[in-house]
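So for the sequence shown, my numbering puts the first residue at -5; every next one is plus one. First comes the structure, then the notes that go with it.
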Amino acid sequence: MKSMKNLINQMSSLPFFEKVDYIKNIKLFKEKLPKTIKKHIVHIYQKKEILFIVVTHPAITMELNNKKNDLMFILNLFQTHKKILTDIKDIKIFHTNKTQTKLQSINNEKNIDKVKKTFTEQSNATFINNLDDITLYNKLEAIRNMISSKLR
């Protein structure tokens, strides 16, 4: 009987799991990049022998093009030591406005969560307070008073 490790290794070698392995390798490459570079990357993908890196802003594109030798060095380390991403010969960096607007909408949604939300109270302040601790009992009564004052 095979162990779970053997089964997983055997399944991961199947052709339709190549995409999962590819995604795992790209994520590993992105994790090993410096933090200053990593925080501006939207996504990374490979087409033929070129690794495309999509960033959030045109200034980041220029900065990464200046640091292309560093990126190629990290990629060569992956190719020699880890034996992954071996078919990549070049790196292209570009920005896109579409993903930038999506990122802005996500940031706006996060900011909306920070804003205090108001809602109408649905409770009518009729509940039993069976707490033995006097501080908790008083806090619950204060909550009851707040709810009943909002109902009026």
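We put the beta carbon where it would ideally sit given N, CA and C, even for glycine.
- In the DSSP assignment, Tyr16 is bridged to no other residue.
- In the DSSP assignment, Val36 is bridged to no other residue.
- If the five residues before and after Glu135 are omitted, its C-beta is found closer than 7 Å to the C-beta atoms of Asn123, all from its own chain and listed in chain order.
- By the Cβ neighbour-count rule, His37 is exposed, with fewer than 16 other Cβ atoms within 10 Å of its own.
- Ile47 sits close to Ile87, with the two beta carbons spaced by under 8 Å.
- Sequence-distant partners of Ile68 (beyond 5 residues in either direction) whose C-beta falls short of 8 Å from its own C-beta, in its chain, are Phe23, Lys26 and Leu27.
- In the same chain as Thr55, and ignoring 5 residues on each side of it, the C-beta atoms closer than 8 Å to its own belong to Val49, Ile87, Phe88 and His89, in chain order.
- With respect to Leu71, Leu65 sits apart: the two C-beta atoms are not nearer than 8 Å.
- Between the alpha carbons of Asn60 and Ile31 lies a gap of roughly 12 Å.
- Following the DSSP letters along the chain, one finds Leu71 inside the alpha helix (DSSP H) bounded by residues Lys62 to Leu71.
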